[in-house]
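The structure under discussion appears below in the form of structure tokens.
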Amino acid sequence: PVVKSGVINYSFPDDFIFGVSTAAYQIEGGWNEGGKGESMWDTFLHEHPTFTVDHSNGDVAADSYHHYMEDIEMIKKLGVQSYRMSISWTRILPNGTDNNINQEGVKYYRTLFEELVKANITPVVTLYHWDMPTPFMKLGGWTNAKVIDYFEDYARVAFRLYGDLVKMWLTVNEPHEGCLSGYGQATLAPAMNSHGLGIYLCTHNNLLAHARVYRMYEKEFKPLQKGKVSLPFESAWAEPHDPNKADDVEAAENYLQMHLGMFAHPIFSEEGDYPRVVREKIDNMSRLQGYSRSRLPYFTDEEVKALRGSADFFSLNHYTALSNTPSAMESYFKVPSLHQDTGVRILVYPSWPKPFIRWQYLYPQGFRKLVNWLQNKYKILKEIPIIITENGFADFGGIEDYDRVDYYNDFLYQLLLAIHEDGCNVKGYFAWSLMDDFEWIDGYKHKFGLYSVDFNSPNRTRTPKLSAYNYANIVRTRRIDFDYIKRPEGLNTI
Ligand code: GBH
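For the UniProt record's numbering, add 26 to where a residue sits in the sequence shown, where the first one is 1.
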């Protein structure tokens with residue numbers, strides 16, 4: 027990592043928002059309490075208990091269903107102005123459909139939002155953070171275009187119920203990750219493993235679902251509620267493996283287009299629709315593989331129009347970096363997949379530390395580069411801001427989390443450089459996560475929290491880590507002090 031000391035001269039502007047993030051299934055628990063219906067994660071993990079590395083599930087998780095007042099106290103102590111969380115669709119609509127509204131669930135979130143607002147904390151609410159109602163999962167989940175209608179109905183119920191208190195909405199969390207891991211592979215529920223096919227139906231329908239909800243809010247709620255709507259994209263930074271090789275530069279660009287541009291271009295570019303390179307790659311590969319139609323569906327003109335401009339800010343989640351070089355194409359006919367379609371090999375630099383988990387490599391400069399990549403690609407980002415809705419560091423637990431302190435300092439420093447030296451329009455930052463949580467396939471093995479949670483205690487006791495004190499100091503002073511938390515002598519940096 028970039029070793030720094032002292033207080034950095036650049037500060038976070040006055041209108042810059044700091045926050046923390048969570049998601050319902052990862053912290054809430056109460057999976058069958060208060061009239062809640064089952065989501066695909068409940069059903070899937072009850073049916074496949076060995077899916078997660080520690081055979082755990084989110085039945086109780088951090089039990090925020092009962093401990094939300096403590097969560098609010100924790101957020102207050104950090105001094106942040108915002109809390110990003112998600113609504114569990116089936117807590118308010120147990121069957122997923124709006125013919126049955128569960129008043130107890132409605133009240134849970136109502137109270138939570140009221141208490142947040144009372145504490146001067148702005149709720150930022152994700153409608154869908156991967157917990158698809160089970161009845162819709164059985165109908166194919168996001169591969170079924172009909173689900174878009176029901177998602178719209180759910181969103182309308184949420185806007186009607188909470189729009190007086192909630193002014194920042196996120197529709198579908200990380201369609202790229204949800205569709206790749208859940209539909210194209212089997213590393214998230216519903217583990218469909220539909221390489222190169224289901225993944226793009228999911229992608230296409232997620233984008234359409236977002237546009238539908240954005241336009242519905244715009245028409246039916248925005249004039250009165252005056253809120254903002256967007257959706258979080260997740261991307262690693264892709265570095266050309268050899269920056270002096272034109273092929274590698276192109277490979278990294280292709281990676282970013284196929285993993286981020288595919289989602290961002292339809293919404294943020296001037297011309298709309300999928301990026302040309304994405305369209306061509308998937309169309310051509312489909313043809314080579316003998317398909318008479320592209321595995322990536324086409325948008326109608328109206329759909330292109332509905333999608334274009336359908337976000338009031340750019341919501342970006344970022345964790346890691348990788349590097350790219352072109353891949354040999356010899357096996358393209360075997361398994362249609364996003365990977366084959368992209369046609370690049372994923373590598374990493376040996377110099378990037380990989381401290382704890384299989385996918386997180388530390389290259390903080392990549393964060394600055396990624397923000398610049400977006401800022402240069404999409405002109406509209408001069409007018410509407412980028413908000414970092416997730417960024418965080420995984421370890422295997424412990425209160426003295428010096429490495430996480432370094433991570434936040436290093437990544438926030440790169441953000442300051444993007445703002446002050448590159449003129450990027452970044453207006454907010456949410457740390458992932460407020461507390462240790464259920465990390466999907468990794469169960470409780472990976473810890474991301476600023477607060478630790480004792481998952482063995484019935485009260486799920488929460489304790490601040492050093493990174494919580496460090497983050498609170500950044501939020502309070504609006505500066506990064508690399509000496510605020512001192513590593514004990516002899517404890518090496520990674
Ligand atoms: C976010 O996704 C989620 O929004 C959030 O719910 C989650 O808790 C958080 O990350 C932390 O994990 O190399 O095949 O093993 C982040 C996305 C997760 C994307 C890991 C890349 C690597 C999969 N990243 N994934 S793999």
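We put the beta carbon where it would ideally sit given N, CA and C, even for glycine. None of the values given here were measured: they were computed from a predicted structure.
- Here residue 477 carries a strand assignment [DSSP, helix/strand/coil].
- For residue 439, the enclosing alpha helix (DSSP H) begins and ends at 428-446.
- By a beta-carbon distance limit of 8 angstroms, residue 151 does not contact residue 115. Their separation comes to about 12 angstroms.
- A Cβ-Cβ contact shorter than 8 angstroms links residue 347 with residue 389.
- Straight-line measurement puts the Cα of residue 56 at about 8 angstroms from the Cα of residue 92.
- Annotation: residue 474 to residue 205 spans about 23 angstroms, alpha carbon to alpha carbon.
- Assignment of residue 50 by DSSP, reduced to helix, strand and coil, places it in the helix class.
- A direct Cα-Cα distance of roughly 31 angstroms separates residue 96 from residue 76.
- When distances are taken from the beta-carbon of residue 345 to the heavy atoms of the ligand GBH, the shortest one is below 7 angstroms.
- Between the stretch 163-182 and the stretch 122-129, the count of Cβ pairs shorter than 8 angstroms is three or higher; the stretches touch.
- Spatial neighbours of residue 213 in its own chain (CB-CB distance under 6 angstroms, excluding positions within 5 residues in sequence) are listed in chain order as 207 and 467.
- Remark: the shortest separation between the CB of residue 384 and any heavy atom of the ligand GBH falls under 7 angstroms.
- Residue 386 is positioned such that its CB atom lies no closer than 8 angstroms to that of residue 440.
- For residue 458, the CB falls within less than 7 angstroms of some heavy atom of the ligand GBH.
- Residue 265 sits in a strand when the DSSP states are folded into three classes.
- In the DSSP annotation of this structure, the continuous segment of the beta strand (DSSP E) that includes residue 414 starts and ends at 412-417.
- Taking 8 angstroms as the upper bound for CB-CB distance, residue 67 and residue 215 are in contact here, some 5 angstroms apart.
- Straight-line spacing of the CA atoms in residue 308 and residue 279 works out to 16 angstroms.
- The DSSP-derived three-state label of residue 457 is strand.
- Sequence-distant Cβ neighbours of residue 189 in its own chain, meaning closer than 7 angstroms and more than five residues away, are 247, 251 and 253.
- Contact check between the stretch 399-407 and the stretch 287-300: three or more CB pairs, one atom from each, fall below 8 angstroms, which counts as touching.
- Residue 435 sits away from residue 345, with the two beta carbons spaced by 8 angstroms or more.
- Look at residue 170 here: in three-state DSSP terms it is coil, with no helix or strand label.
- The continuous stretches of alpha helix (DSSP H) do not include residue 221, and DSSP gives it neither H nor E.
- For the options 181, 112, 168 and 187, the alpha carbon positioned closest to that of residue 210 is the one of 168.
- Rounded to whole angstroms, the gap between the alpha carbons of residue 438 and residue 71 is 36 angstroms.
- Contact between residue 229 and residue 311 fails: their C-beta atoms lie close to 15 angstroms from each other, not under 8 angstroms.
- With fewer than 16 other beta carbons inside 10 angstroms of its own, residue 129 counts as exposed.
- At a threshold of 7 angstroms, residue 199 counts as near the ligand GBH, since its beta carbon sits closer than that to one of the ligand's heavy atoms.
- Contact between the stretch 152-162 and the stretch 371-383 is absent: fewer than three C-beta pairs spanning the two stretches fall below 8 angstroms.
- Partner residues in the beta bridge of residue 258, as assigned by DSSP, are 341.
- Apart from sequence neighbours up to five positions away, the residues of its chain that approach residue 479 with a beta-carbon distance below 6 angstroms are 88, 461, 462, 486 and 488, ordered along the chain.
- According to the DSSP secondary-structure assignment, residue 108 is paired through a beta bridge with 45 and 148.
- Checking the 7 angstroms criterion, the Cβ of residue 289 is out of range of every heavy atom belonging to the ligand GBH.
- In this structure residue 469 touches residue 79 by the C-beta definition: roughly 5 angstroms separates them, less than 8 angstroms.
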